[in-house]
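These protein sequence lines map, in sequence, to chains B and C. Count along the first sequence from 1, then add 140; that gives the number in the working numbering. Count along the second sequence from 1, then add 1136; that gives the number in the working numbering. Note that CB positions come from ideal geometry on N, CA and C, so glycine has one too. A short worksheet on the structure shown next.
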Amino acid sequence: MIVEATGLRKAYGSTAVLDGMDLEVAEGSVFALLGPNGAGKTTVVRILSTLTRPDGGELRVAGFDVVREPAKVRGVISLTGQYAAVDDEQTGRENLVMVGRLMHLGRSGAKARAAELLERFDLVDAADRRVKTYSGGMRRRLDLGMSLVAAPRVIFLDEPTTGLDPASRTTMWDAIRDLVRTGTTIFLTTQYLEEADRLADRIMVLGKGKVAAHGTADDLKARVGGERLDLRFASAADLDVAATRLGGFTDRERLVLSVPSDGTAAHVHSVLDDLRAAAVVPARVSSHRPTLDDVFLALTAREGVPA
Amino acid sequence: MSYAISDSMTMIGRSIRLGRRKVDTLIMSVVLPLLMMTLFVYVFGGAIDTGTEYINYVVPGIILLCTGYGAASTAMSVADDMNSGMIDRLRSMPIRSFAVLTGHVTASVVRNALSTTIVVGAAIAMGFRPSASLVEGVAAAGLLLLYVLALSWLAAGLGAIARSVESASALSFFMLFMPYLSSAFVPPDTMPSFLRGISRHQPITPVIETVRGLLTGTPIVDQGWIALAWSVGLLIASFVLATALYRRRISD
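Set out below in C-alpha cells:
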C-alpha cells in the first residue's frame, strides 16, 4: 500500500473535521475521495501531503512517516491544489522551468523537461504567453504539468475539475488516465460522482469527517439496489392507479413511478400489459441503472449531510 | 547548503521577473519616485524654508518615502503567495519554502535600488548638486541598503501573516506614513514638541540626517552611529520576526 492511514484525526478548535478515518491506496491505482463541501476532503489531502499536522493517527506515504519524515514524503509526492498554483505574470514555460530548477534538474534539464510537459499537455502554442491569458482549462493543465516535473510516485489532486467546462473536464480526465498508464498513483478528491465513477478504482465516500462508504463503483452501486424502470404518467390519478397495481416508489411531483426491474424486455412487457389491463398507459418509459448519485444521496442523507 | 542557495536564486529570479511585469509594482518603483520628486521640489518646496536649496534638503527624504512604498508592495507580493495556492505547492516540494520570502526581499532591494537611482537622477536634472566624495557616496548607499533590507524583511513578515493582499496593504500603511513624521521634508524644529519627540526617536530621521550629511555636507554629529544602530537592530529584529511569523503561518 503506497498510502496508508489509520485513525486519522484532526480538529480545528472544538470542531472535529476528521474523526478517526482509515484508508489505504494501492500503488498504481486511482483512489477517489468523494464528498460534499465541508466533508473534510481537503483536510485529508493537506495532511497526507505534509501541509497540515494531524492531531492523531498513523500515516505513511511510500513507506515514510508523514509526520516524522515530511521531507522524504515531499520527495515522492506532488500536490495540485484546488486553486491553480501558477504565476499569472510568468509564461507557461517559465512556470515549468521554475519548478524544474527547484527540483534541481539543472538549467538545461529544467528546460528540456518543461518542453516535454508543454508538448504533453498541449500547451506548445501558448508556452511563451503569460499565464494570465490562459483559459481555465489551460491553467489546470499547466498546474498539473508543474506537479509532474519531478515524476512523483503519488499525485494528490484536490478537485481537479471543479469549475471547468465539460470539454476541459474531458481533457483533464484523459490527462489523469495517461498518468495512471505510467504507473503513477493518483489520490483525488471530487464532488462529482461521475468523475469518481469514470476514473477511480476505489472510492471512499466521506461525510462529516467519517467514512460513509468505501469500495469500487460497482460495490457502491450495488448497495442501493439494481436496475429500475421509470414510468411517467400524464396525471396524478393515473399514477395512483399504477402505484396500487405495481407497487414501487412514486414521485408525485414528476408523476413518475419507479419499479424494480431486471432490465429484460420480458419484464418491461409484463409491466406494460399489467398497466393496459388497468387502463392506464404511461407517457414515457425509461430504464434506469443506479448511478453514484443515487449512492451518494442515499448515503449522505442517512448521515444527515446536506448533499 | 548549495541547494539552499540555488533554491533562493530561483525564487529571487522569479520575484524580480514578477515585479518587472506587474504594472502596479513597476509604477510604484519607477513612476512614483519621479512624481514625488517633482511634487516636493516644484509644488511644496517653494513654501518650505530649510535654510538651503530645498532640492538639496529633500532628496534623502524622497528616497526613504519611496522605500516605504516599495516595502508595501513587497508585503502585498508575499501576502499574494501566502494566500494563493503557490505556498502550498512550494511547501509540498522537497525544498526550504522560506526561499519564497528571501526571493521577495531580494527583489524588493533591487527595486529600491532602481527607485533610488531614478530619484537621484531626476534630482540632478532638477538642479541637485551633491558634494559627496566617492567614499561618502558609497557610505550613503551602504546605509540605505541596510535600511531597505531591514524594512523589506519587516514587510515580508507582515505579508506572511496577512490573510489577504488588502490587509497586507493596510498593515504596511505605517511605513508610508513614518517619513512624514521625520526630518524628511521639514526640519523637526518647526513641529509641535510632541511630534518633535516622535521625529527624533524613530529610525528614519537619523538615516535621513546621515544620508543628507554624506551627500550635501550638512552636519551629521552622532546621527551616523544612531542610524547604523537603528538599521542593524531593525534588520535583526525584522528577520527574526519574519521567520517566526512565517513559521506560525504555515503551522496549522
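Spatial distance of residue i from residue j (CA atoms)
i        : j        : result
S375(B)  : A417(B)  : 18 Å
G161(B)  : L173(B)  : According to the sequence provided, residue 161(B) is Met. The question's Gly does not apply to it. Distance between the alpha carbons of M161(B) and L173(B): 12 Å.
L188(B)  : E229(B)  : 30 Å
L288(B)  : G1149(C) : 22 Å
L1350(C) : L1377(C) : 31 Å
G323(B)  : V185(B)  : 20 Å
G1263(C) : Y1190(C) : 10 Å
R1247(C) : D1216(C) : 18 Å
L1237(C) : V271(B)  : 22 Å
F1176(C) : P1315(C) : 13 Å
E1302(C) : M1218(C) : 13 Å
R1227(C) : P1324(C) : 47 Å
A179(B)  : T329(B)  : 11 Å
L257(B)  : D337(B)  : 27 Å
D305(B)  : T1203(C) : 45 Å
G221(B)  : I1254(C) : 41 Å
D426(B)  : L415(B)  : A quick correction: the sequence has Ser, not Asp, at residue 426(B). Straight-line Cα distance between these residues: approximately 15 Å.
S1096(C) : E144(B)  : The structure shown has nothing for residue 1096(C), since chain C only spans 1137 to 1388.
G355(B)  : S1374(C) : 52 Å
P1196(C) : M1173(C) : 11 Å
R1348(C) : T1242(C) : 25 Å
D1143(C) : V1357(C) : 43 Å
T1252(C) : A1292(C) : 20 Å
V1343(C) : A1363(C) : 5 Å
R193(B)  : P1355(C) : 57 Å
L1447(C) : L1371(C) : Since the first residue of chain C shown is 1137 and the last is 1388, residue 1447(C) is not available in this structure.
T1352(C) : V1322(C) : 16 Å
L333(B)  : L1250(C) : 54 Å
R269(B)  : E1272(C) : 45 Å
G277(B)  : L263(B)  : 11 Å
T1379(C) : A1286(C) : 13 Å
R281(B)  : G240(B)  : 16 Å
Residue environment, residue i, which counts as buried when at least 16 other CB atoms sit within 10 Å
i        : result
K150(B)  : buried
E234(B)  : buried
R1265(C) : exposed
R317(B)  : exposed
V396(B)  : buried
R253(B)  : buried
L369(B)  : buried
A1140(C) : exposed
Y1382(C) : buried
A377(B)  : exposed
R424(B)  : exposed
V1159(C) : exposed
H1240(C) : buried
Y152(B)  : exposed
F1180(C) : exposed
R321(B)  : exposed
I1163(C) : exposed
T1346(C) : buried
V1167(C) : exposed
G393(B)  : With the sequence shown as reference, residue 393(B) is identified as Glu, and Gly is not the correct amino acid for it. With fewer than 16 Cβ atoms within 10 Å of its Cβ, E393(B) is classed as exposed.
D1224(C) : buried
Opposing strand residues paired with residue i [DSSP bridges]
i        : result
A145(B)  : L163(B) and L199(B)
F171(B)  : F327(B) and R342(B)
Y152(B)  : T155(B)
K350(B)  : G347(B)
L1250(C) : According to DSSP, L1250(C) bridges with nothing at all.
L369(B)  : V399(B) and S427(B)
F204(B)  : V201(B)
G355(B)  : I343(B)
S449(B)  : Lying before the first or after the last residue shown, residue 449(B) is absent from chain B, which here runs from 141 to 447.
T231(B)  : R270(B)
Within chain E, partners of residue i - CB distance below 7 Å
i       : result
A224(B) : Of the chains in the structure shown, none is chain E; the protein chains are B and C.
### Query
Where are the beta strand (DSSP E) runs, 3 residues long or more, that stay fully inside the stretch 254-341 of chain B, in chain order?
Fully enclosed beta strand (DSSP E) runs of 3 or longer: 294-298 and 325-330.
### Task
Can you check the stretch 380-418 of chain B for any beta strand (DSSP E) of at least 3 residues that lies completely inside it and give the ranges in chain order?
If one requires a minimum length of 3 residues, the beta strand (DSSP E) runs lying completely within the stretch 380-418 of chain B are 389-391 and 396-400, in chain order.
### Task
Kindly provide the ranges of any alpha helix (DSSP H) runs that are 4 or more residues long and lie completely inside the stretch 1183-1229 of chain C, ordered along the chain.
Inside the stretch 1183-1229 of chain C, DSSP marks whole alpha helix (DSSP H) runs of 4 or more residues at positions 1190-1219 and 1222-1227, from first to last along the chain.
### Query
Between the stretch 1209-1235 of chain C and chain B, which residues of the former have CB atoms less than 7 Å from a CB of the latter, in chain order?
Legend: CB atoms of the stretch 1209-1235 of chain C lying less than 7 Å from CB atoms of chain B belong to residues S1220, G1221, M1222, D1224, R1225, R1227, S1228, M1229, P1230 and I1231.
### Query
In the stretch 167-195 of chain B, which residues sit with their C-beta less than 9 Å from some C-beta in chain C, listed in chain order?
For the stretch 167-195 of chain B, the set of positions with a beta-carbon nearer than 9 Å to some beta-carbon of chain C reads R186, S189, T190, L191, T192 and R193 in chain order.
### Query
Between the stretch 1369-1383 of chain C and chain B, which residues of the former have CB atoms less than 7 Å from a CB of the latter, in chain order?
In summary, no residue of the stretch 1369-1383 of chain C has a CB separated from any CB of chain B by less than 7 Å.
### Task
Would you list, in chain order, the members of the stretch 194-216 of chain B that have their beta-carbon closer than 7 Å to a beta-carbon of chain C?
Per Cβ criterion, the list reads A211, R214 and G215.
### Query
If you measure beta-carbon to beta-carbon, which residues of the stretch 315-342 of chain B are closer than 7 Å to chain C?
Taking 7 Å as the cut-off between beta carbons, none of the residues of the stretch 315-342 of chain B comes near chain C.
### Query
Any residues in the stretch 1152-1165 of chain C with a beta carbon nearer than 8 Å to a beta carbon of chain B? Which ones, in chain order?
For the stretch 1152-1165 of chain C, residues whose beta-carbon sits nearer than 8 Å to a beta-carbon of chain B comprise R1153, L1154, R1157 and K1158.
#### Entry: Selection of the stretch 420-431 of chain B by Cβ proximity to chain C, strictly under 8 Å
The residues in question: there are none.
### Message
Please identify, using Cβ separations under 9 Å, the residues of the stretch 1233-1263 of chain C that lie next to chain B, in order along the chain.
### Response
So the close ones are A1235.
### Query
Got a sec: which bits of the stretch 1137-1150 of chain C sit with their beta carbon under 9 Å from any beta carbon on chain B, in order along the chain?
Within the stretch 1137-1150 of chain C, Y1139, S1142, D1143, M1145, T1146, M1147, G1149 and R1150 place their CB atoms closer than 9 Å to a CB of chain B, listed in sequence order.
### Message
So within the stretch 1257-1311 of chain C, which uninterrupted alpha helix (DSSP H) runs reach at least 4 residues, ignoring any that extend past its ends?
### Response
Counting whole runs of 4 or more residues, the stretch 1257-1311 of chain C contains the alpha helix (DSSP H) stretches 1270-1297 and 1301-1307.
### Query
Taking a cut of 8 Å between CB atoms, which residues from the stretch 391-417 of chain B lie near chain C?
Contact annotation: in the stretch 391-417 of chain B, no residue has its CB less than 8 Å from a CB in chain C.
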